[in-house]
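Going by our numbering, the first residue of the sequence shown is number 26, and it counts up by one from there.
What follows is one structure encoded as structure tokens, with my remarks underneath.
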Amino acid sequence: MSVRVWVDGEMVDDKPSVRALDHGITVGDGVFETAKVVDGKPFAIDRHNDRLDRSLHGLGLPSADRARLQEGFDAVLAEPLDFGRLRYTVTAGEGPLGSDRSDSPLTYIVASMPVDRPTPTTKIVVVPWTRNERSAVAGLKTTSYAENVVALAAAKKEGGSEAIFANNRGELCEGTGSNIFVVVDGELLTPKLECGPLAGITRALTIEWSREAGIPVREEILPIDVLDTADEVFITSSTRDVQAVSAVGDRELAAPGPITSKAAAAFAEASAAGRD
Numbered sequence: 026m027s028v029r030v031w032v033d034g035e036m037v038d039d040k041p042s043v044r045a046l047d048h049g050i051t052v053g054d055g056v057f058e059t060a061k062v063v064d065g066k067p068f069a070i071d072r073h074n075d076r077l078d079r080s081l082h083g084l085g086l087p088s089a090d091r092a093r094l095q096e097g098f099d100a101v102l103a104e105p106l107d108f109g110r111l112r113y114t115v116t117a118g119e120g121p122l123g124s125d126r127s128d129s130p131l132t133y134i135v136a137s138m139p140v141d142r143p144t145p146t147t148k149i150v151v152v153p154w155t156r157n158e159r160s161a162v163a164g165l166k167t168t169s170y171a172e173n174v175v176a177l178a179a180a181k182k183e184g185g186s187e188a189i190f191a192n193n194r195g196e197l198c199e200g201t202g203s204n205i206f207v208v209v210d211g212e213l214l215t216p217k218l219e220c221g222p223l224a225g226i227t228r229a230l231t232i233e234w235s236r237e238a239g240i241p242v243r244e245e246i247l248p249i250d251v252l253d254t255a256d257e258v259f260i261t262s263s264t265r266d267v268q269a270v271s272a273v274g275d276r277e278l279a280a281p282g283p284i285t286s287k288a289a290a291a292f293a294e295a296s297a298a299g300r301d
């Protein structure tokens, strides 16, 4: 598996490259984006860049230098990549051994790697930990992902590929790296952003393109136990697109269901047309 890595203007691949006192290392003070790469081109990159800036502003950091990021994109995608992941990170730069910041320049890291195309269906597992919908970093894509690592490992022990969180109010929230949709009585629903999920790029496009295809979608506050009764469930992310859920824990579902199939087809058609 070929991983290409660029850091602050230099191709480094597997060489040591980030300072030990970088605040992204010491306290997770940074943000990142993951974009799908198809035929060597990153998908929806403008939307990803806009969200990167929103996350940076949420941490009190300045907007990213987009020319600098593009330099990194061009470097890591110079070799052919049929299908893969573009991961780019911006940290607060070098800082003290604590939560205070210095006035160090931001650190820019860009990496790419091939990944397998998503399977048509998958299993998800609801984990016992919750998202804090009132957190200072709720809805921000920060590098502080340790709770996601723990949750995903727990889900994989049960045969799932994704862990699903409720929030502190017991409402359906999100996965470790995905958004979630359910079909209830023929209606397509997804948690409101006020419930604490990340505002996923694929989530937004799924809502937009489903509506254009005549599929009503409603953002709603939903109890976590909606997963016990929903007729259909699917998750969305940059590298999964629209992926049907065939099992929620021990509960099996016929997947993909009819509405999931329509939403997936609408997404596939619009994305294949190059719409960003």
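Quick reminder that beta carbons are idealized off the backbone N, C-alpha and C, glycines included.
Note that the coordinates shown come from a computational prediction; the quantities given were computed from them, not determined experimentally.
Check: Nearest to Asn204 by alpha carbon, out of Arg265, Phe68, Gln95, Asp64?; Outcome: Arg265
Check: Would DSSP call Ala69 helix, strand or coil?; Outcome: coil
Check: Go ahead and label Pro144 buried or exposed: buried means 16 or more other beta carbons lie within 10 angstroms of its beta carbon, across all protein chains shown.; Outcome: It should be noted that the sequence gives Thr, not Pro, for residue 144. Counting Cβ neighbours within 10 Å, Thr144 comes out exposed, since fewer than 16 surround it.
Check: With a threshold of 16 other CB atoms inside 10 Å of the CB of Asp54, please say whether the residue is buried or exposed.; Outcome: buried
Check: In its own chain, which residues sit with a C-beta less than 6 Å from the C-beta of Leu46, not counting the 5 before and 5 after it?; Outcome: Glu119
Check: From Thr285, Ala269, Pro241, Val273, pick the residue whose C-alpha is nearest to that of Val251; which is it?; Outcome: Val273
Check: Give the DSSP-derived three-state secondary structure of Ala298 in the structure shown.; Outcome: coil
Check: Confirm, please, whether the CB-CB distance from Ile249 to Lys187 is below 8 Å.; Outcome: One detail in the question is off: residue 187 reads as Glu in this sequence, not Lys. Against a cut-off of 8 Å, the Cβ pair of Ile249 and Glu187 comes out as no contact.
Check: What would DSSP say about Leu230, mapped onto helix, strand or coil?; Outcome: helix
Check: Considering Cα atoms alone, identify which of Gly123, Leu131, Ala163, Glu183 is closest to Gly34.; Outcome: Leu131
Check: On the criterion of 16 or more Cβ atoms from any shown chain inside 10 Å, does Gln5 qualify as buried, or is it exposed?; Outcome: Residue 5 lies beyond the stretch modelled for the chain, which goes from 26 to 301, so this question has no answer here.
Check: Using alpha carbons as the reference points, say which of Ser27, Leu278, Lys287, Gly299 lies closest to Ala136.; Outcome: Ser27
Check: Look at the Cβ atom of Pro139, then the Cβ atom of Leu106, and state whether they are nearer than 8 Å.; Outcome: yes
Check: Which residues in the same chain as Ala290 place their Cβ atom closer than 8 Å to its Cβ, once the five residues preceding and following it in sequence are excluded?; Outcome: Ala238
Check: Quick one: residues in its chain with C-beta nearer than 6 Å to the C-beta of Lys61, no 5 flanking neighbours on either side, listed in chain order?; Outcome: Phe68, Ser263, Thr264
Check: Can you tell me whether DSSP reads Thr285 as helix, strand or coil?; Outcome: helix
Check: Identify, in the order they occur along the chain, each residue of the same chain with its Cβ nearer than 6 Å to the Cβ of Arg156, setting aside the five sequence neighbours on each side.; Outcome: Phe190, Asn192, Cys198, Gly221
Check: Whole angstroms are fine: how far does the CA of Pro41 sit from the CA of Ala224?; Outcome: 33 Å
Check: From the DSSP output, which residues share a beta bridge with Glu199?; Outcome: Phe190
Check: Since Tyr170 sits in a beta bridge, which residues does DSSP pair it with?; Outcome: None, per the DSSP bridge assignment.
Check: Does the region 157 to 165 come close enough to the region 70 to 88 to have 3 or more Cβ pairs within less than 8 Å?; Outcome: yes
Check: What are the partner residues of Trp31, as DSSP defines its beta bridges?; Outcome: Met36, Val135
Check: Could you give the first and the last residue of the continuous beta strand (DSSP E) run that contains Ile205?; Outcome: 204 to 209
Check: Within this structure, are the beta carbons of Gly49 and Thr116 separated by less than 8 Å?; Outcome: yes
Check: Over what stretch of residues does the beta strand (DSSP E) that includes Ile325 continue unbroken?; Outcome: The question about residue 325 has no answer here: the residues shown for the chain are numbered 26 through 301.
Check: Excluding sequence positions up to five away, which residues of its chain have a Cβ less than 6 Å from the Cβ of Trp31?; Outcome: Gly97, Ala100, Val101, Val135
Check: Look at Ala25 and Ala269 and say whether their C-beta atoms are less than 8 Å apart.; Outcome: With the chain covering only 26 through 301, there is no way to say anything about residue 25.
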